[in-house]
Amino acid sequence: MRLQKWYSSYSDKQKKKILREITSLIFARKPKMCSFLEWQDMKIVYRRYASLYFACAIDTTDNELITLEIIHRYVEILDKYFGNAYFVLDEYLLAGEVQETGTREILQVIDAQDIIQEDEVPQKLFEDQSLN
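Residue 55 in UniProt numbering sits at position 55 of the sequence shown, and the numbers go up by one each step.
(1) Of all the options Phe54, Ser9, Glu76 and Ile70, which has the alpha carbon lying nearest to the alpha carbon of Arg2?
(2) Does the distance from the C-beta atom of Ile71 to that of Arg47 stay below 8 Å?
(3) Here's the rule: buried if 16 or more other CB atoms are within 10 angstroms of the residue's CB, otherwise exposed. What is Ile34?
(4) Grouping DSSP H, G and I as helix and E and B as strand, with all else coil, what is Leu68?
(5) Between the alpha carbons of Ala28 and Leu78, how many angstroms are there, rounded?
(6) Answer yes or no: do Leu52 and Lys80 have a C-beta to C-beta separation smaller than 8 Å?
(7) Taking the beta carbon of Ala57 as the centre, do at least 16 other beta carbons fall within 10 Å, making it buried, or is it exposed?
(8) As a quick exercise: from Tyr49, Lys32, Glu21 and Pro31, pick the residue whose alpha carbon is nearest that of Met42.
(9) Measure the beta-carbon distance from Phe36 to Glu69 and round it to whole angstroms, keeping in mind my assumption that it falls under 8 Å.
(10) For Glu91, count neighbouring C-beta atoms within 10 Å of its own C-beta (all shown protein chains included) and say buried if the count is 16 or more, exposed if not.
(11) Run the CB neighbour count on Ile44, radius 10 Å, all protein chains shown included, and call it buried at 16 or more, exposed below.
(12) Sorted by chain position, which residues of the same chain lie with C-beta nearer than 8 Å to Leu19's C-beta, five sequence neighbours on each side aside?
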């Protein structure tokens with residue numbers, strides 16, 4: 001598991017057990033099977049892109065199709081800008097909630113953050129943010 005984001009508190013031992021159970025369930029499924037499955041008191045929504053799997057555990061009342069769209073947009077954003085994946089994820093999802101749905105807006109925030117990190121803040125950035 002290369003990237004994980006937890007929105008509930010679990011011990012490291014619990015996280016490893018959960019990941020082992022969920023990944024074995026997902027890997028056991030055939031490619032043409034539905035991308036939703038029930039696990040304990042949650043639903044697992046997953047999608048495969050090339051050799052990568054993206055999975056979310058959601059409440060039973062949450063919408064699976066919206067979750068699939070969240071995964072798809074996250075992959076689109078990563079495809080357009082492959083930098084700090086945790087930062088990108090936080091711009092898109094924060095505390096388990098979608099913060100921004102527009103790909104362009106997310107990429108603008110990420111671009112602005114890159115400029116700040118490089119200490120090459122042009123005057124235009126200050127003007128755009130009314131900071132001059």
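For glycine and all other residues, C-beta sits at the position ideal for the given N, C-alpha and C.
These numbers were taken from a predicted model, which means no experiment stands behind them.
The relevant details are as follows:
(1) By one-based count along the sequence shown, residue 2 stands at place 2. When the alpha-carbon of Arg2 is set against those of Phe54, Ser9, Glu76 and Ile70, the nearest one is in Phe54.
(2) Here residue 71 refers to the residue found at position 71 of the sequence shown. Here residue 47 refers to the residue found at position 47 of the sequence shown. Yes, Cβ-Cβ distance for Ile71 and Arg47 is below 8 Å.
(3) Taking the first residue of the sequence shown as 1, we reach residue 34 at position 34. Per the sequence shown, the amino acid found at residue 34 is Cys instead of Ile. Residue burial is scored here from C-beta neighbours: Cys34 has fewer than 16 other C-beta atoms within 10 angstroms and is therefore classed as exposed.
(4) Translated into positions along the sequence shown, residue 68 becomes position 68. If DSSP states are grouped into helix, strand and coil, Leu68 belongs with the helices.
(5) In the sequence shown, residue 28 corresponds to position 28, counting from 1. In the sequence shown, residue 78 corresponds to position 78, counting from 1. The alpha-carbon atoms of Ala28 and Leu78 are separated by roughly 27 Å.
(6) Here residue 52 is taken as the residue at index 52 of the sequence shown, counted from 1. Here residue 80 is taken as the residue at index 80 of the sequence shown, counted from 1. In terms of Cβ geometry, Leu52 and Lys80 do not form a close pair [threshold 8 Å].
(7) As a position in the sequence shown, residue 57 is number 57, starting the count at 1. It is buried - the Cβ of Ala57 has at least 16 other Cβ atoms within 10 Å.
(8) Working through the sequence shown from its first residue, we reach residue 42 at position 42. Comparing Cα positions, the closest option is Glu21.
(9) Locating residue 36 in the sequence shown gives position 36, where the first residue counts as 1. Locating residue 69 in the sequence shown gives position 69, where the first residue counts as 1. The distance from the Cβ of Phe36 to that of Glu69 is about 13 Å, inconsistent with a contact at the 8 Å cut-off.
(10) Reading the sequence shown from its first residue, position 91 is the one you call residue 91. Buried.
(11) Here residue 44 is taken as the residue at index 44 of the sequence shown, counted from 1. Counting the other CB atoms within 10 Å of its CB gives Ile44 a total of 16 or more, which places it among the buried residues.
(12) On the sequence shown, residue 19 is found 19 positions in, with the first residue counted as 1. Excluding positions up to five away in sequence, the list reads Met1 and Gln4.
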